[in-house]
Every structure is written in structure tokens, then in C-alpha cells.
Amino acid sequence: MANSAVKTLKRFEVTEYNTLDYENNIDPDGNLLNTINDNCKYYTNDQFNSSVDLGHFSLIHFNCRSLYVSFDQINAYMKTFKHQFEVIALSETWLNEEKGTDFDMVGYHLFYTNRGKKKGGGVALYVKSALKCKILDSMAVAVEDMMECVAVEIEMEKTRNIIVACIYRTPGSNLQCFKERCETLIDGLNDNKSWLICGDFNIDLLNQRNKMTRDFMDVMSSRSLYPVITQPTRITSTCATLIDNIYTNEIEKTANSGLLISDISDHLPIFIIHKNAFKKPKELDQIKHVRIRTEDAITAFCNDLLKENWSGVYVKDVNVAYDTFLKTYKSLYNKNCPVVVCRKKINMNVEPWLTKGLLKSCKRKNKLYRDFVRYRTKATEMKYKIYKNKLTSLIRQAKKDHYNLRLKESIGDMKRTWRILNSVIRSRSQHARYPDFFTNGDKILRDKAEVVNELNSFFVNIGPSLAKSLETQTNEAGKIQGGSKILQSMFLGDVSENEVLTIVRKSKNKTSTDCDGIDMMIVKKTIDYVVKPFTYICNLSVQSGTFPEKMKTAKVIPIFKNGDRHKFDNYRPISVLSQFSKVLEKWFVQKLDNFIEKENLLSESQYGFRSHKSTSLALLELNEELSSAIEKKQYTVGLFIDLKKAFDTIDHSILLSKLRDYGIRGIAHDWLSSYLTNRNQFVQLDDEISDSLEITHGVPQGSVLGPKLFILYINDICDVSKVLQFILFADDTNIFCSGNDLEIIIQNMVCEMSKLKKWFNDNKLFLNWNKTKFMVFGNRKTNDLVTLSIDGFLIDRVNEVRFLGVLLDHKLTWKSHIKYIKQKISKSIGILNKVKGFLEITTLQTLYYSFIFPYLTYCIEVWGNTYKTNTNPLFLLQKKVLRILHKANPREHTNKYFVLSKIMKFKDLVNLKILLIMFKARNNLLPTNLQRFFVLIPKNDKSRKKPEFKRIFVRTTLKQMCISIYGVTLWNNLDDELKKCATTDQFKKMYKDKMLKSYDLVS
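Take the sequence shown: its letters are residues 1 to 1003, numbered as in full-length UniProt numbering.
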């Protein structure tokens, strides 16, 4: 063996090779890399679908040159393929945080790296949701004036993981530095994994004479990364370059690669099919259970209801009666409107405005583009561009007509309006998907059945757990503070068929289904045919004081709020109650409201869920009180209390005890006791349903009766202290105390809050000290070290707080709130800018009233009458909106557009809102706490100018801006014709007409 080896070695030493033989033997291209797929070619969409198998791991790369511009095209283009790509890579996304990066694609997770300071650049990866992947932070880099990179690692089950990276190199950047940076990134990769590195490198591989190009290729080759694209990716009539590419370290696993002929940008999309042995995830299909509800089906349903013999309903047991009614109703519903399964691949959707003719024209355009790429002559380029421009114009008009019609149909339905806008401009999937796993504390849940049961348990036990943690004084629980029992008792009476019909017809046209699969839309269409048996059930329920058991089940849908999608804490339970129970509840609420008003049960400080009261009136009272204190050179300390899960912690026994003292006794009390007890709920996540659990605490959320019961429960809090002033809006509890000495105010606060804390504990309401804040109002200098400590809890002092949806600052300047709504309106204007090209003026105006006007007018009577320098930015934004609506020049005068659109200017909106409050004050329609700020002058004591309200002299500008001063002046100077209006609607119309005429005169 040894001699043989020596002879062989000597033979190698003496053998002479010619150069060609030597290279043939050691050349990696001939001996190792000969498996490289050099079949890279161009494909039309039809050619790709018919000849390329996407049965393996697939990646496609676009240089999109602004995702804001090209997302719709890319999204629509991806739907033309028979199957989805596993990864969609994008370079030159041009994303930035100011404009937003919300570009969700159905069935994919988005990862991206944006350019830092300058515009342009940016890279992104869309990875199929079914794939397990994680972002590689070490490769998520953005180097100024050089490059951006994003990378993910995709976990494979039966083979090694795949690392996918997308890189964009800034044109003209130093190639040596870029090469060194790429080398550093690549050196950090694991050789035991498959790599696919794609992007726009702005290095023309066709120009091998360039030394830096060769050096870059050497760097990639040194890590066994080889390009799979060998044809030009950017083609013009004057040049063709290969600057986009995909590099892989497993070239033998490249089943196919090539370029797609598409004119989304001036770079052609490139792709690779990678033969990685993994179980290909199933295509994400839209599997829906759809109920057949055609007009014929509903008519047949109604006819069957009309023919039905309801004798089984007319029994003495309400539960038997309702069970029989519901069983019959559901049986006939399922018979005539059956549920069918619809299955449709989400990537096969065709844009609804693309007719067969337009789709045929798109194919013709693609053929012309293919001819241009093939021949690269001026003639073929011109022919393609003329046809493309004409087709683009036709598609834009078709899209414009489609969305104008859809948005007009959605007027008044904001949910539907946003759904339409989301599908067009915000690029968000219409149905938010739940994550693949959830966390509850340290527990990780992946099984969906386990998730829904844990979620249900989490939601059900929030209230009892908090209530159990409170120290309670049982002898005080259930007693009404500072008040005597109401002697009169609530009387219910009978339910009439007309009352049932009126309640149903006034209900909103909601399509959310309850636990029985019934929605309010179908109830409204069939109520005339079941009103007799259902009214009988309602009367039986009222007369027996029993709420039907089948009406007590709630379906809970978890809705994501914010933060980590995997955590239970970040989901809000939305309860969908029985549709028929809502009708019975609304009837009871009408009776309850009448009794509350008649007996004057509720505190004047409670503004929530009451007729003729609102958040704006609550804020008006606060503003008047605070400004009056500042006028008197006093301090005011405000305590903004946060109650944790207040609706969930209510103790039923305490509530029922209070209701009895408020005069809700006998049958009414029995009915409410039955309504509250033995309730249960289940959680539904997609098609997965949890077991039902009993609800032992709280009032039913999603009901109309629940909030009414809550404000009765918390009503006596105002009697706990005679020193403090309360302003309540349901569970939003806010306390104020004024005086000349700040230290005494703090002492009073501490003393009174100890009483309040005991009241909260007795009533099983949990104070969240971490979110409870206090503020010292006024212009006088205060000691910044002033603190407020209650029972050992140090309350945070702030200079700004959100109060009933308005940002309140300690000097009442309203600057914070104006800044906030300015940001909101600016974003809404961005939406208008995106859609103005394909929407009519009337539709754009509808959108203005839908999501800009509400920001401008919410509680505007409180904060709108401040310094002009504060509010002028809002008026400038309003004028910008008018120019968008009418497609006017940025500096064009807007008076004529206000008139054409019949939109009032910001200041006139403020005045109108204030005058409407004055109209109510004049007719004594304001709550007592507000009415006292307005003094009407007796008729025999009027001057020649006939002012109606007495005006009080004030010292400070802040008080002069308040409605009690400014509003009085505004009303007293009003035309007599306006003062004679009989209704607020008549007043609004007449005032608006007057303002629009004044704009017309100015222009």
C-alpha cells in the first residue's frame, strides 16, 4: 500500500498538464457548480402560470419605487398567479414613519427596514403567515447613504432553515464600503442554513470589466453565494442592465428562476423556485359559512312564520314559551335561509372594477410590453406607451365609478365606509387575523380550543378577582349614602305589540349574529310575522318577574386594542347578546327612564347615558367652574380617578339592594334579579367556540340596560362628600376642590378621599392608583413639589390629562387638544389626497363629514372659543380640505368653495355650537348645574337693544371666552329673526344660510 501510494505521488509530480486540462480539473464552474440552472428567461404571466411549478419554496422580488404608489398594483398582480409565493421581497419601498407603514397583504406578515433621515430607499419582506419565521436583528440595518437590509429566518420541518434577506444599495454609494459591509453581514450567517439574498444592488453584472463589480462577485462567491438571474432586469430603449438579483448558496436546489414581464416599475420582477424539502403550507383560503338570504328566501321564511301555529308558545312558563318560540323561529330560518360553506382562494380575487373587456385589454398591453422588451425599438416603445396610457385612463375611470357608488351606498355607516377605504388606501386586510399563539402570564397557548377556553375564563374572572381583593365593610355595602329611600315604587304595566314593533324598527341594521345565529336585520324583516307570540312572551316575562334563560347567553368576540397581540390583557371582550333580549331590554329601559326622571333619582353631576345630557355639557360645567375659580384667583385641584374594569366588578347583591331603595321593588325588582343571575358567556375565535361559563359579577356589556344599572349603582357617590364637586360620566369619575389656600385644598382632598376610598371598597369598585392623576388648575404660581397622597398611594401630578375625549391642560389653553386633533385631521387629509383622483366631489364631501368634521366639532363649544392663534391651524387645514374637494390650487381663495360645498368656516362652527347652547338656555332646557350660569332678563326690564340674557362683568380673558360670557354676548347681538326660531333644526338651517351668504358677499 505504501509503495503504491509513493508511485502514484511520483506520477503526479512528473506529469505535465496543458493549461486547458488543468483548468478543467480544478475549475469549480466545471466540477462543482455545473449544476447551476442557467435556464433563466423571461415569462409572461400566462407563460409562468402554465409552465412554472410553485410546488417548492418560492420568492419574488420587486423594485417597487415607492410602496405608496405601487402597492395596489403589486397586490393585484400577485392575485393573478395560480398559487402564492412564500416570500415577496421589495426594494426601494420609500417608507417613512411620518407617512405610515401600514401595508398589510392578506395571508402575509410584513417585515421592513426604512431609510433613516433621507427619503427613498428601504426594503421589505412579506412572508406567508403559515410559515414560522423570525426577524434577524443583526441584519436589519440601515446605513446612511449606503444601504438598507432586512432578513428573516424561516423554520423548516424536515430540512435546514432558510434565511431570506433583501438588500438595497444606494446608487452612487462607495462600492468598496458596500462590499465590506455585505461581507460583514454575510460572515455572520450560518453555513448550515439555506440563504436567499435578493435585492437591487445597483451593480451591473453584465459589466464584468468593472473591477469593483468583479470584487463584489468575488465576495459573494467566497461564501458560496451565486446569482440565479442572468438576463437584464432594467431595460430601456437605450440600455439594458442586470442590477437586481437573487443569490443562493444552494444553487443545485434552484428548480427555476427568471424574470416576469411586468411594467409595475422600470425594473422587472425576478423570482426563484427553491427545491427545499418542506411540506408546503396550504394556501390560505377564505372559508366562510354564508347564510342564503335572498329576497325569495326571506319571503319564504316570512310566509312560513305567518302560517306557523304558535299554540306551543301560549303557556304559563316563560322559559318553555320562549324555548318553543326560539326553536320554531330558528328551524324555519335554517330551512329557508340555510348556511352554506363558501371556499375561495384569496389570491384569485379580481379587482371588482375590472370588466372582462378591461382584462382582455390588460393582456394586450402586456403583449405590447413583451414586444418592446424583445425588440427594444422606438416604434414598439411608442406603441406600448400609447396603449398603456389609454388603458390606464379607462381603468382609473372604472375604479372611480366603482368606489363612488360603494361609498355613496355606505353613507351613515362608518364601519362600512372604513372597510371600503381600508381596502383601497390603507392597504389593510379587512379581517384582522388572530396570532398563532397566545400568552396568559407565563403560559403559552397554541391549541385554539385551549385558547378560547382560557380567554373565556380570563374575561369571566376579571371582575370577581378584583372584587375579592378589596377590603369591604359588609355593614355598609348596599346602603345608599346620604339619602332616604324612595317611597314610590316602579310600575311596569303591559307590553303592547305597537311598542315591540316601534323598538325593533328603530334598532340599528346590524348584521352581527348572536349565540343563536340571528342578527337584527332578519329580526326587523320578520317581526311583523311573529309580533303576537313574541309580545305574549314579553308580557309573561314582565308579569312573572322572570327573564327567559335562553336570553341570558352572550357570545364574546375578543377585539385587539393595542400592544402585544399575543397577550390576553390587550383584548377587549365585545359581547353580542340575544337579539330578542335586546327588544325586551329596551322596553324595560323606557319604563326605567320614565321612573328615574319622575322621581329625580340621579345626581345632576351624572352626565352619562342620560337623555339631554352629553360629554360636551359635562365639559361645559367643568370649564365654567374652573374659569370661575381662576377669575377669583383661587386654586382648583382636580382628581381624575381610574376605575379598573368598573362594569365587571359590580356586586349583584349590592346593586339589587340599592335598586330596592330607589323604588324598584316587587315585580320590577324580581325581573332585574332574574335578568342579572344565571347569565353565561362563551368566546368565539374565528370558528372555534369555548365552553360556556357563568357570569357572577358585573352588568351585561353590550346591553342597553347595563349602563343604566351602573349609573344607579354609582349614583350615591356624590353624597359621600359635601366638600368635593363631582362630574361623572358613567365610570369616568372626576373630583374637584377649589379654594384660596392650596395646602388646605390638598388636606381636604386627602380627608375626603379616605371616605371615598371606603365607599369604593364597600361597593366592590377597584381604584387603579397607577392611572389616577391629579392636576392643579390656575395661572397662579404653584409649588412644583406639591404632592397628593391617599392611604399611602402617591398620586401622579400632571399638567395635561384626557377628560371625556378632550385633552385638558392646567391653564385651560386647549393647546394640547388642538394639537391632537390637528394631527388627526392631517392624517385624514392624507386619506382624502389619496382618493381624490378617483372620487367625485360629493363623495369626497361625504368623507369630510365622516372623519374630519367630527374632530372639528366634538365639544367645540368648550374649546373652540380660544385665542385665534391657537385655532388658526385648524382653519388652515379646513381650507386645505376645500381645495382638495374642488381640486383647486394650493393658494387659491376658498370662500367660493365654502359656498359651493355648503360648509361653514371653523369660527362660525364654534359660534353655531355656542348659540345652540344659548338656545337651550333661553328655553330652560339645560341641566340644572349649567342653567344656573345663565340669567334671563325679565321682560319689563329690557333696554332699547332688548338683550335677553344678563351679562356679568369679568376680569380675566379666560372667563370672557367662556360660554356664560361670550355666549351671552353672542346671543344678545343676534338678529331677532334667528331668535324667533322654534326649533334647533330651524335655527341651525337659518344661521348656516346666513353665514354662507356672507362668504358669497366677501368673494
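All residues carry an ideal CB built from backbone N, CA and C; glycine is no exception.
Please read all numbers here as calculations on a predicted model, not as lab measurements.
Ends of the alpha helix (DSSP H) at residue i?
i      : result
Phe459 : 448-468
Met749 : 742-762
Ala398 : 378-409
Asp263 : Run containing Asp263: none; DSSP gives neither H nor E here.
Ala668 : 666-676
Met918 : 906-922
Thr230 : That residue, Thr230, is in no alpha helix (DSSP H); it is neither H nor E in DSSP.
Val500 : 497-506
Cys362 : 356-375
Met220 : 211-222
Asn303 : 295-307
Val589 : 579-599
Looking at C-alpha atoms only, which residue of the options is the closest neighbour of residue i?
i       : options                        : result
Cys737  : Ala730, Asp447, Asn748, Arg932 : Asn748
Gly608  : Ile963, Leu90, Pro927          : Pro927
Phe560  : Lys550, Met551, Ile574         : Ile574
Ile717  : Thr787, Ser603, Val318         : Ser603
Thr696  : Val531, Asp648, Tyr226         : Asp648
Ile841  : Val798, Asp447, Ser901, Leu804 : Ser901
Lys811  : Lys275, Tyr635, Cys981         : Tyr635
Asp1000 : Thr328, Tyr991, Lys896         : Lys896
Gln231  : Tyr43, Leu794, Asn734          : Tyr43
Asn600  : Gly706, Leu712, Asn740         : Leu712
Met382  : Ser469, Asp244, Ser237         : Ser237
Trp671  : Asp593, Ser541, Thr772, Trp769 : Ser541
Met551  : Ile557, Pro435, Ser578         : Ser578
Asn309  : Thr294, Ile884, Leu359, Leu332 : Leu332
Ser129  : Arg291, Ile162, Val87          : Val87
Ile714  : Val699, Ser703, Gln73          : Val699
Lys644  : Asp691, Ser469, Lys591, Val556 : Ser469
Asp661  : Val720, Leu487, Asp719         : Leu487
Could you name the residues of the same chain whose beta carbon sits closer than 8 Å to that of residue i, not counting the 5 residues immediately before and after it, in chain order?
i      : result
Phe534 : Phe325, Val500, Ile527, Phe580, Val583
Lys448 : Leu685, Asp686, Glu688
Cys40  : Val228, Ile229, Thr230, Gln231, Ser257, Gly258, Leu259
Lys253 : Ser194, His274, Lys275, Asn276
Count the other CB atoms, across all protein chains shown, that sit within 10 Å of the CB of residue i; report buried if there are 16 or more and exposed otherwise.
i      : result
Asn334 : exposed
Asp993 : exposed
Thr93  : buried
Lys658 : buried
Asn562 : exposed
Ile26  : Residue confidence is low: Ile26 scores 36 on pLDDT, short of 50, so the model does not pin down where it sits. No coordinate-derived value is stated.
Let's see if you can read the secondary structure: which residues bound the beta strand (DSSP E) around residue i?
i      : result
Cys166 : 162-169
Gln42  : Contrary to the premise, residue 42 reads as Tyr rather than Gln in this sequence. First-last of the beta strand (DSSP E) with Tyr42: 41-43.
Pro707 : Element bounds for Pro707: not the beta strand (DSSP E) but the alpha helix (DSSP H), 705-714.
Asp244 : 244-248
Asp72  : Note, Asp72: premise wrong, no beta strand (DSSP E); alpha helix (DSSP H) at 67-78.
Asp200 : 194-200
Val143 : 141-143
Gly116 : First-last for Gly116: undefined, no H or E at that position.
Val87  : 87-91
Any heavy atom of the ligand PLP closer than 6 Å to the Cβ of residue i?
i      : result
Ile264 : For the structure depicted, the ligand PLP is absent and the ligand set is empty, with no information on it obtainable.
In its own chain, which residues sit with a C-beta less than 6 Å from the C-beta of residue i, not counting the 5 before and 5 after it?
i      : result
Gln960 : Val954
His61  : Ala89, Cys198, Ile270
Ala398 : Trp353
Val52  : Asn256
Leu728 : Ser605, Gln606
Val968 : Phe949, Arg951
Please go through the same chain and pick out, in chain order, the residues whose beta-carbon is closer than 7 Å to the beta-carbon of residue i, but skip the five residues on each side of it.
i      : result
Lys815 : Asp809, Asn870
Glu250 : Ser194
Ser393 : none
Asp494 : Asn539
Asp215 : Lys179
Does any C-beta atom of chain B lie closer than 7 Å to the C-beta of residue i?
i      : result
Ala888 : Among the chains in the structure shown there is no chain B, since it carries only a single protein chain.
Continuous alpha helix (DSSP H) assignments of at least 4 residues falling wholly in the region 827-902: 841-851, 853-857, 860-863, 868-885, 895-901
Beta strand (DSSP E) segments (min. 3 residues) lying fully within the region 603-634: none
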